[in-house]
Every structure is written in structure tokens, then in C-alpha cells.
Amino acid sequence: MLKAVLFDMDGVIVDTEPLHRKAYYQMFNDVNIEVDDLLYESFTGQSTINICKRLVDHFNLNDEPEQLVSIKRKHFKFLFENDSDLTLIEGVLDRIKDYHSNGLKLVVASSASMPNINRIFNRFELNQFFIGKFSGADLEKSKPHPEIFIKAAEHTGFDKKECMVIEDSTNGIKAAHSAGIFCAGFKSEHSSGQDYTKANVVISDFKELAYSKEHLFFKH
4 MLKAVLFDMD GVIVDTEPLH RKAYYQMFND VNIEVDDLLY ESFTGQSTIN
54 ICKRLVDHFN LNDEPEQLVS IKRKHFKFLF ENDSDLTLIE GVLDRIKDYH
104 SNGLKLVVAS SASMPNINRI FNRFELNQFF IGKFSGADLE KSKPHPEIFI
154 KAAEHTGFDK KECMVIEDST NGIKAAHSAG IFCAGFKSEH SSGQDYTKAN
204 VVISDFKELA YSKEHLFFKH
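And the structure:
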């Protein structure tokens, strides 16, 4: 029986991808590198520091990865406070309220930094629904490593067989699969180029994950 839901944030709860993309490309411009679409898509679901380590290696940069992180975050913070493109994913707030009112424990497990998670949760008043927040930036390993979901599941106090992950990225789905947790792959217009083959179920509308339909999609 389903007792807890572990949410990814970017692309699942909120569509920060346009803002992240703008911030990354401003940073690429600042350090004079050209990142093609294929390389950029491969970053989805990874923490900023791991992405910046890859960029330093890939382009043989003299900059430290932490410098790139700082530049990108500066741009993102400005965009977050000034760009009107930031909105919740359609239908997700109804689902969060649905799960919460039915007694499910909700945890966010995101590769985003904790300051960014907190910015989103404060802006959209989500703290009241969640019992915990985990940032991949605070952990040793980034998705697709399963560490973040193992820790998030433990935090609920329930067995991982009683948990479900909602993810939209290849790396996140791989992480849930490796953790041995049921994964709903959310395939939306915001998550192009991602692989859903390791998801237990694939949905494109949050109505498909309604608590009343839990028995239809959630298997022990």
C-alpha cells in the first residue's frame, strides 16, 4: 500500500527549466564555451556542481567548478526574482493536496540546491504539505546514484516498498530504479530527450496519479 511520495522538483513540481537554461547559457557565455543541445540535455537531473565538473573536464577549463557554480547561481537568482516565466507544473498542486489530505507523507528529493528548493517552497507555499526536503547538492553522489531517494524514503519512516518516486529525468528515473523504489515517470513538454524505460509507469498528466486511482498504478 502506498504511504509516501518522493517528488523530484524541477520539471515535476515547478518548471524552473527555462530559468536554469537561461542561467546556464549566460554562464557558458561568461566563460566562453559553446554547449550543444545534446550535451545540455545530458545534464538533466544532475546537481550544478557535477555539471560544472563535467564542463571543466569536457572543455579543459582553467576555472574551478565552484567558480562556474557561483556564476550560474548568480544569474539564476536574478532570473528567479525578475523573470515571470516561473510557474508550478499544471495539476501538481491538486495532486500534492490530494496526497496530503489522504495522509500520505510527502518528501522532495531534488538535485537543486537547498536555497533554490526553499525559494520555490516559500514562493508557492508548499512547506505545509511536505515533511522533508533533500538536496542532491548536499550529498556525496548525484542522481543517477540512488542515495538521495534511499535517504528520502528512510525519512518517511516507511519501507521503500510503500514509497513512490515521481521523476521526469533519465538520471532521476535511474536513481529511483537503483534504489528499488516504484517510479512514476512524468513525461511532459518540459522533459525532452529523456529515457523512461526504467519507470514502472509513465504518465503525462497528474490526474493519472490521483490517490483514488492508486490501486490502478501502484504495485507492491
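Everything in the sequence shown is counted per this note's numbering, starting at 4 for the first residue and increasing by one.
We put the beta carbon where it would ideally sit given N, CA and C, even for glycine.
_Can you look up E37 in the DSSP assignment and give me helix, strand or coil?_
coil
*Leaving out five residues on either side along the sequence, give the residues of the same chain with a beta carbon under 8 Å from the beta carbon of R122.*
F83
*asked:* Quick check for students: name the residue ranges of the beta strand (DSSP E) that lie wholly in the segment 109-140, counting only runs of 3 or more.
replied: 135-138
*Applying the criterion that 16 or more other CB atoms from any shown protein chain within 10 Å of the CB defines a buried residue, is Q131 buried or exposed?*
exposed
_Tell me the rounded alpha-carbon separation between V168 and E37._
34 Å
*Between G94 and the rest of its own chain, which residues show a CB-CB distance below 7 Å, the 5 nearest in sequence each way excluded?*
D208, F209, K210
*Cα separation between L124 and C166?*
According to the sequence shown, residue 124 is Phe rather than Leu. One C-alpha to the other measures close to 22 Å.
*Check the DSSP bridge columns for I169 and list the partner residues they point to.*
F10, A187
*How would you call E69, buried or exposed, if buried means at least 16 neighbouring beta carbons within 10 angstroms?*
exposed
*What separation, rounded to the nearest whole angstrom, lies between the Cα atoms of T200 and Y43?*
21 Å
*Indicate the three-state DSSP secondary structure (helix, strand or coil) for V205 in the structure shown.*
strand
*asked:* Taking the alpha-carbon of F62 as reference, which of V34, V204, K216, V17 has the nearest alpha-carbon?
replied: V34
*With 16 as the cutoff for other CB atoms within 10 Å, does N85 come out buried or exposed?*
exposed
*Given M30, which residues of its chain have a CB within under 7 Å of its CB, disregarding the five upstream and five downstream residues?*
L71, I74, K75, H78
*Looking at the unbroken alpha helix (DSSP H) that takes in V72, where does it start and where does it end?*
68-85
*asked:* So, for K144: in the same chain, excluding its five sequence neighbours on each side, which residues have a beta-carbon less than 6 Å away from its beta-carbon?
replied: E150
*asked:* Just verifying my parser: in three-state terms, what is the DSSP assignment at V59?
replied: helix
*Decide if the segment 186-205 is in contact with the segment 170-177; the criterion is three or more beta carbon pairs, one per stretch, under 8 Å apart.*
yes
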